[in-house]
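Asks:
Chains as they are written, first to last, in full-length UniProt numbering: chain P, 1 to 415; chain C, 1 to 415.
1. I want to know whether the segment 290–303 of chain P touches the segment 19–39 of chain C - three or more CB-CB distances under 8 Å.
2. Residues of chain C with CB closer than 7 Å to the CB of residue 108 of chain P, please, in chain order.
3. Tell me which residues share the same chain as residue 9 of chain C and place their Cβ nearer than 8 Å to its Cβ, disregarding the 5 neighbours each side in the sequence.
4. Can you tell me the Cα-Cα spacing of residue 206 of chain P and residue 45 of chain P, whole angstroms?
5. Evaluate contact between the segment 265–285 of chain C and the segment 2–16 of chain P, counting only Cβ atoms and requiring at least three cross-stretch pairs below 8 Å.
6. Among C:365, C:217, C:130 and C:213, which residue has its Cα nearest to the Cα of residue 194 of chain C?
7. From the DSSP output, in three-state form, read off residue 190 of chain P for me.
8. Could you spell out where the alpha helix (DSSP H) holding residue 203 of chain C opens and where it closes?
9. Taking buried to mean at least 16 other C-beta atoms within 10 Å of its own C-beta, is residue 123 of chain P buried or exposed?
10. Taking just the CA atoms, how far does residue 30 of chain C sit from residue 413 of chain C?
11. Strictly under 8 Å for the Cβ-Cβ distance: is residue 69 of chain P near chain C by that measure?
12. Mind checking the segment 74–85 of chain P against chain C and listing, in chain order, the residues whose C-beta falls within less than 7 Å of any C-beta there?
13. Reducing DSSP to helix, strand and coil, say where residue 382 of chain C ends up.
14. So who's on the other strand from residue 148 of chain C, going by DSSP bridges?
15. What residue does the beta strand (DSSP E) around residue 275 of chain P start on, and which one ends it?
16. For the beta strand (DSSP E) that contains residue 137 of chain C, what are its first and last residues?
17. Decide yes or no for the touch test of the segment 311–324 of chain C against the segment 186–205 of chain C: beta carbon pairs closer than 8 Å, at least 3 of them.
18. Roughly how many whole angstroms lie between the Cα atoms of residue 329 of chain P and residue 137 of chain C?
19. Of the residues that make up the segment 291–321 of chain C, which ones have a beta carbon closer than 8 Å to any beta carbon in chain P?
20. Assuming residue 221 of chain C and residue 113 of chain C make a contact with CB atoms under 8 Å, what is their CB distance in whole Å?
21. Grab the span of the beta strand (DSSP E) containing residue 359 of chain C for me, first residue to last.
22. Would you check if the distance between the CB atom of residue 53 of chain P and the CB atom of residue 309 of chain C is smaller than 8 Å?
23. Please decide whether residue 268 of chain C counts as near chain D, where near means a Cβ-Cβ distance under 8 Å.
24. What's the C-alpha gap between residue 297 of chain C and residue 117 of chain P?
25. For residue 421 of chain C, write down the residues that DSSP places opposite it in a beta bridge.
26. With a cut-off of 8 Å, does the C-beta of residue 256 of chain C fall near any C-beta of chain P?
27. I want to verify the contact list: residues of chain P whose CB lies under 7 Å from the CB of residue 3 of chain C, in sequence order.
28. Per the DSSP calculation, residue 257 of chain P is bridged to which residue(s)?
29. Given a cut-off of 8 Å on the beta-carbon distance, is the pair residue 416 of chain C and residue 109 of chain C in contact?
30. Counting Cβ pairs, one atom from each stretch, are 3 or more of them under 8 Å apart for the segment 366–384 of chain P and the segment 14–22 of chain C?
31. Distance check for residue 371 of chain P and residue 107 of chain C, CA to CA, integer angstroms please.
32. So, residue 289 of chain P versus residue 339 of chain P, is the Cβ gap smaller than 8 Å?
33. If the cut is a Cβ gap below 8 Å, which residues of chain C does residue 178 of chain P touch?
34. Report yes if the C-beta distance between residue 353 of chain P and residue 359 of chain P is below 8 Å; otherwise report no.
35. Got a sec: which bits of the segment 5–31 of chain C sit with their beta carbon under 9 Å from any beta carbon on chain P, in order along the chain?
36. Could you tell me which uninterrupted alpha helix (DSSP H) segments, each at least 4 residues in length, are contained entirely in the segment 216–265 of chain P, listed from first to last along the chain?
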């Protein structure tokens, strides 16, 4: 007889994370045939051409040079006040919207989404994101007894599919008092798409209409995990000025992470911010999120918080950090361009890439294509309707090679 | 009209954490009259006599000397395998029970309790802990839509109140399929009590009986946050051998934290372990907890995990860590003894202190007594039925002085 102690809602399959599993296979192949022969395009971290992790030396030095107590001591539950101020600066820069902005520290980007899913949805309700999405969105929803549905990200012209977005928001608003929408932009994971300022305007106009004329509450969660690899300040943050003067029942949440921006993946530090035209709604966010912090992970990684505060409190240090990051961005951009150009050259159909770590290739039978590619020692992430190529992890030369190999494999599998 | 966007279950009062609030008042007083004149007994961290944080230099050096990538890179979702092995060694040492032991990384002690409350309780159910308890237990239960009730920790002889424990477990078992019991031992926060081996035997015999004869499931969560300040190996861990050969519906969960043991409070690293006689139950624990990790905070602080792995992989380093920790333990013990001795001297009634960071003084009108004590610049944590004195944060001399001041204040307030 089967034995079980866990509560029924928490029975989970013993399943290896898909990214880690794909990465493991790539590493096994590298041991067998040599790393040179293997293209490991699985992991969402910026790697050097030799496959080692790119590490922002300015940030790591600032961290290691902290007084011991700044690493060892507890941070306040909501985060160091100087960190929360620095996070606001890091997020908005020259495009800070007017309004009531509050923040709490979270462990990377994941924690903020957890708080939004738990606090701004009722049990059994459904959140909305695009049909190309970061898989943990679904995991977070499932863990907390919520559901997830998707709109079609691109229309037939490969532009943002506003019609699908509107239709799906409306469907949810017909049945729920609150609608949580998660948009991963700029530099969307996995497609590299960024909403344009015009698309942002259309999105916000429509959502304002939903909350004003239908007495609904919309929570728009903007996941900006890749914002510091999304182009210049205007391109990456210009849309944020549109977050001011929105209706009070349209709440903007912004998930910021130090993981990519400071290569602090393993230090678990991010922030969840809100922007609201209502002080009451902002206060409510703050007390709710701080309570959740206390009840889920307590406080955050103090040393990482202190580094962000130092960087934004010291113009010379900020300049150094940004110079180093510009080098990383160029590395990233050169790789992505090599892939995109070669894809055009060989006629490989890809989604519009603007910026970020990933490029997506829509195709039939992605699992089979991915399996076929392992014969050429190319490892990437098969998704429901295509392949995610992590250009962040692969040299320029291998990026070019990959576009050709993927085209060949798709042609072979799908004939 | 009041505006609200958050879901009804997540409306939370804007409330300052009681410990942080008391600490803030103490610091304000120190600025006014000088730190010498102030006794700040609020914070649950080991401090030097001058009020600075005690930092384990061996551990901090091991951390800062890690290769950058060991700090910067992501850890696996469940934790580095070497960390999880090290955590098992750190927890059990010479008293490892036979059975199926699994683990996942958590951010400090809080995260493990969150997983237990969420995964081993159904919505609306009630967990059980002692009437003297760490306040976040209740916060964690409330956040997740669960309730909490308490048994009376001490009987009239100030011994473990087994009768009350049994009665309360039975009450819950009468209405719930699962009963989650949280015991904070050894070195209980806030009383400093540790269950004896005999008391452990009685507890486990009773719980085994509940699961076997009443077809219930009992999850016994042992919070060992203070175990490395709880006396020698036998005293602190001898009871763990009793976790073997328990019925398969009696699941032992153990919450381990590096916060106190390595003075890594601000690095957020701990582990949740299970001990089960059933491989199936242990497997179920592992996949459920790993899923929860992915869905709540993703992975843990890699550098801290690597330090634990290094310490338990290097006997010379372990010896150094333990020598340094022995110094901290002596500091702690001398302070607690000073308070306990002086309490006996002046006739101050306290709960039996065995080990750990705190001593508890039961009294009427704790808020008033605490307020009275601020006139003498003594700051501590008023609880529902007494005062928590953090001997970890106060010099030997001030510990003696505190016992006298508390006695005086209680006599004045309660006549």
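No residue lacks a Cβ here, since even glycine has one placed at the ideal position from N, Cα and C. Nothing here was measured: the structure is a model prediction, and the numbers come from that model.
Replies: In terms of the structure at hand:
1. Flag = no, the segment 290–303 of chain P and the segment 19–39 of chain C do not touch.
2. For a Cβ distance threshold of 7 Å, residue set 298 of chain C lies close to residue 108 of chain P, ordered along the chain.
3. Excluding sequence positions up to five before and after residue 9 of chain C, its CB lies within less than 8 Å of the CB of 145, all in the same chain and listed in chain order.
4. So the two alpha carbons sit approximately 35 Å from each other.
5. Taking 8 Å as the limit for Cβ pairs, the verdict is that the segment 2–16 of chain P does touch the segment 265–285 of chain C.
6. Among C:365, C:217, C:130 and C:213, the Cα nearest to that of residue 194 of chain C belongs to C:130.
7. The answer is coil: DSSP assigns residue 190 of chain P none of H, G, I, E or B.
8. Element bounds for residue 203 of chain C: 197–213.
9. So residue 123 of chain P ends up on the exposed side.
10. Rounded to whole angstroms, residue 413 of chain C to residue 30 of chain C spans 25 Å at the Cα level.
11. Using beta-carbon distances, residue 69 of chain P counts as an interface residue toward chain C, with a partner under 8 Å.
12. Answer set for the segment 74–85 of chain P: 74, 75, 76 and 77.
13. It is a strand residue.
14. Checking the DSSP bridge columns, you'll see residue 148 of chain C partnered with C:127.
15. Its beta strand (DSSP E) spans residues 270–276.
16. Following the DSSP letters along the chain, one finds residue 137 of chain C in no beta strand (DSSP E) but inside the alpha helix (DSSP H) bounded by residues 136–143.
17. Touching, no, given that fewer than three Cβ pairs across the two stretches are closer than 8 Å.
18. Cα to Cα, the separation comes out at about 44 Å.
19. Against chain P - using a Cβ distance shorter than 8 Å - the residues of the segment 291–321 of chain C are 291, 292, 294, 295, 296, 297, 298, 299, 300, 301, 302 and 303.
20. Yes, they are in contact, since the Cβ atoms of residue 221 of chain C and residue 113 of chain C sit about 7 Å apart, within 8 Å.
21. Annotation for residue 359 of chain C: the continuous beta strand (DSSP E) segment containing it runs 358–362.
22. 8 Å or more divides the Cβ of residue 53 of chain P from the Cβ of residue 309 of chain C.
23. Chain labels in this structure do not include chain D; the protein chains are P and C.
24. Between residue 297 of chain C and residue 117 of chain P, the alpha-carbon positions lie close to 13 Å from each other.
25. With chain C covering 1 to 415 only, the question about residue 421 of chain C has no answer from this structure.
26. Nearest CB-CB separation between residue 256 of chain C and chain P: not below the 8 Å threshold.
27. Near residue 3 of chain C (Cβ distances below 7 Å), the residues of chain P are 248, 278, 280 and 281.
28. Answer is P:270.
29. As shown, chain C starts at 1 and ends at 415. That puts residue 416 of chain C outside it, with no answer to give.
30. Taking 8 Å as the limit for Cβ pairs, the verdict is that the segment 14–22 of chain C does not touch the segment 366–384 of chain P.
31. Between the alpha carbons of residue 107 of chain C and residue 371 of chain P lies a gap of roughly 36 Å.
32. Not in contact: residue 289 of chain P and residue 339 of chain P (Cβ atoms no closer than 8 Å).
33. Within chain C, the residues near residue 178 of chain P are 5 and 7.
34. A distance below 8 Å separates the beta carbons of residue 353 of chain P and residue 359 of chain P.
35. Those residues of the segment 5–31 of chain C placed with their C-beta closer than 9 Å to a C-beta in chain P are 5, 6, 7, 8, 9, 10, 11, 12, 13, 14, 15, 17 and 20, ordered along the chain.
36. Within the segment 216–265 of chain P, the complete alpha helix (DSSP H) segments at least 4 residues long are 233–237 and 258–261, listed from N- to C-terminus.
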